[in-house]
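Participant: Before I ask anything, let me first share the structure, which is written out below as structure tokens.
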Amino acid sequence: MKKFLFSALLALVTISATAQKNSDANNNRGWLWEISGNGLKQKSYLFGTCHGEGHRFTKEEVFSFPSFKKAFDKTKMIFNETDLGHTDTAAMNKFRKQIGEFCYNPGPEYMMPEGVDFRTLYDSIAHFKIVDKYLAIEMKDLEYWKKTPGYWFSRIDISQFFETRKAKTMDVLLYEEAVNQGKETGGLEELKDIDGNVISMFTDMKGIDTLSMKEQADTLYRAIRDITNGTTSRKLQALYKAYISNDTCQVAKHIAEYPEIYGGKNNSHDKEIFDDRNEAWIPVIKKNIPEKTCMIAVGCRHLMGPASLIAMLRREGYTIEPVK
């Protein structure tokens, strides 16, 4: 299922990715990179974070990365994707309102066509019972059958998203540690500039709404099955272990194997979520790294592929190398 993070409360972007065959990610270069050259008087750093997907990171885990503590100590300013020290109330309220509308007052496009019965969409009574129990009990809707399976697929995605956000992400931990050490903090973008992308990721039915009702029902069943039997949780835990081991190759391989959880190359929003935002961040980075040693801490998907921050900064004339 789609996974995205929206800063402190809703930090956008997970590490869904399909790295290029000969990319740095597939050469296992790690998550910490130096920025130098192009007239810089001091080095700065790129660090690919893991938003967690429910894992509560500790300071010990974060600072276990090779050379990370040394780089962090040198850093004068930490940039997260958004400024975690600033709450954009208007953007947050807009997000909550639009997500609330989708969840509790869905439009007619999300309602089951007349004459289509939820039960008959399943050839297996066992499959139907699993879906029936989950939607009625876990999703607390005894009239769930009024809405399409595609709607419920997205609705469960939202529920899972907020559930995993209860744990402290690496991004928040880095921000808090920077504040504790008296470092400057900032964001590469504002919430108001990206909340539309976040909302559309949850409510855009393009893809699943092209499936027949029976295909939607099967997709919904498989998602619920994987949640209830722990498959989704185990896959996320495997991803976390690969990440914390600093194994970029294994992370890319794992994500490519499970596009139904992480999105990946077939996700129609990848360009807006990753490539376009990377492009918009470059001027902010270029403005700040000549003045002081900065650490750019963003979801590690932003360091993967041909449109990565690594590739874009190299295009601008900087030398970007993994910290050895």
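Heads up, the sequence shown is in this note's numbering, so the first residue is 68 and it goes up one at a time.
Glycine residues also receive a C-beta, built at the ideal position from the N, C-alpha and C atoms.
Keep in mind the model is a prediction, meaning the values are calculated, not measured.
Report yes if the CB atom of TYR189 is closer than 8 Å to the CB atom of ALA284, and no otherwise.
Facilitator: Their beta carbons are under 8 Å apart, which means TYR189 touches ALA284 by this criterion.
Participant: Per DSSP, what kind of secondary structure is LEU175 in: helix, strand or coil?
Facilitator: At residue 175 the sequence reads Pro, which differs from the Leu that was named. If DSSP states are grouped into helix, strand and coil, PRO175 belongs with the helices.
Participant: Report the option in ARG232, SER226, GLY97, LYS359 whose CA atom is closest to the CA atom of ARG123.
Facilitator: Of the listed residues, the one whose Cα sits closest to ARG123 is ARG232.
Participant: Pairing CB atoms from the segment 309 to 322 with CB atoms from the segment 344 to 358, are three or more of them under 8 Å?
Facilitator: No, they do not touch.
Participant: Is there contact here, the segment 158 to 167 with the segment 189 to 200, by at least three beta-carbon pairs under 8 Å?
Facilitator: Output reads no: the segment 189 to 200 does not touch the segment 158 to 167.
Participant: Once DSSP output is grouped into helix, strand and coil, what is the label at GLU383?
Facilitator: Three-state result, GLU383: coil.
Participant: Measure from the alpha carbon of LEU255 to the alpha carbon of each residue in LYS164, GLY121, GLU148, then state which is nearest.
Facilitator: The residue with the shortest Cα to Cα distance from LEU255 is GLU148.
Participant: Which residue wins for smallest C-alpha separation from MET379, given the options CYS361, LYS141, PRO350?
Facilitator: Per the Cα distances, PRO350.
Participant: Have a look at the DSSP bridge pairing and note the partners of ASN147.
Facilitator: Bridge partners of ASN147: GLY254.
Participant: So what's LYS332 in DSSP terms, helix, strand or just coil?
Facilitator: Below a pLDDT of 50, predicted positions are generally treated as unreliable, and LYS332, at 42, falls in that range; no measurement from the model is reported.
Participant: If we ignore side chains and look at the alpha-carbon of each, how far apart do TYR211 and GLY174 end up?
Facilitator: Roughly 14 Å between the two C-alpha positions.
Participant: In three-state DSSP terms, what is CYS117?
Facilitator: Residue state, collapsed to three classes: coil.
Participant: Give the DSSP-derived three-state secondary structure of LEU370 in the structure shown.
Facilitator: If DSSP states are grouped into helix, strand and coil, LEU370 belongs with the helices.
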